[in-house]
Amino acid sequence: FYDSCKFRADYRMGNGILSSLLESKVSIVPVKHCPRAFGLVLSHKNDWKLVYSGDTRPCHGLVQEGVNATVLIHEATLEDNLHNEALAKQHR
1 FYDSCKFRAD YRMGNGILSS LLESKVSIVP VKHCPRAFGL VLSHKNDWKL
51 VYSGDTRPCH GLVQEGVNAT VLIHEATLED NLHNEALAKQ HR
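Count the sequence shown with full-length UniProt numbering and you get residues 1 to 92, in order.
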């Protein structure tokens, strides 16, 4: 266990990162998981794009957003051959 209350960060260094993120567009993509689940797309004006998704089943919208993404983060829980188990765990 790490007591995060004892952690002290120098937030001055992050100010540039934060202001850069403010120049980004954030959008969501519906995914095939539990109700109201979404993937996240962060597009920056300097032409980089980060796409994040939890452990959704394959879905066209997320695939389209992931094409040519600079960074794609996609959680994975189950292998392709475990379709019925995925459905049982709300991967609709």
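For every residue, glycine included, the Cβ atom is placed at its ideal position computed from N, Cα and C.
| query | result |
| --- | --- |
| Valine 71, buried or exposed, once every other Cβ within 10 Å from all chains shown has been counted against 16 | exposed |
| Range of the contiguous alpha helix (DSSP H) that encloses glycine 39 | That residue, glycine 39, is in no alpha helix (DSSP H); its beta strand (DSSP E) goes 38-44. |
| Of the residues Asp47, Val29 and Cys34, the one placed nearest valine 41, counting alpha carbons only | Val29 |
| Proximity winner among Asn46, Val63, Ser24 and Pro58, relative to histidine 33 (alpha-carbon distances) | Pro58 |
| Span separating the alpha-carbon of glutamate 75 from that of threonine 56 | 8 Å |
| Member of Leu62, Gly54, Leu50 and Phe38 whose CA lies at the smallest distance from the CA of lysine 25 | Leu50 |
| Minimum C-alpha distance to glutamate 65 - residue among Gly54, Glu85, Ser27 and Lys45 | Ser27 |
| Buried versus exposed, by CB contacts within 10 Å (16 or more), serine 53 | buried |
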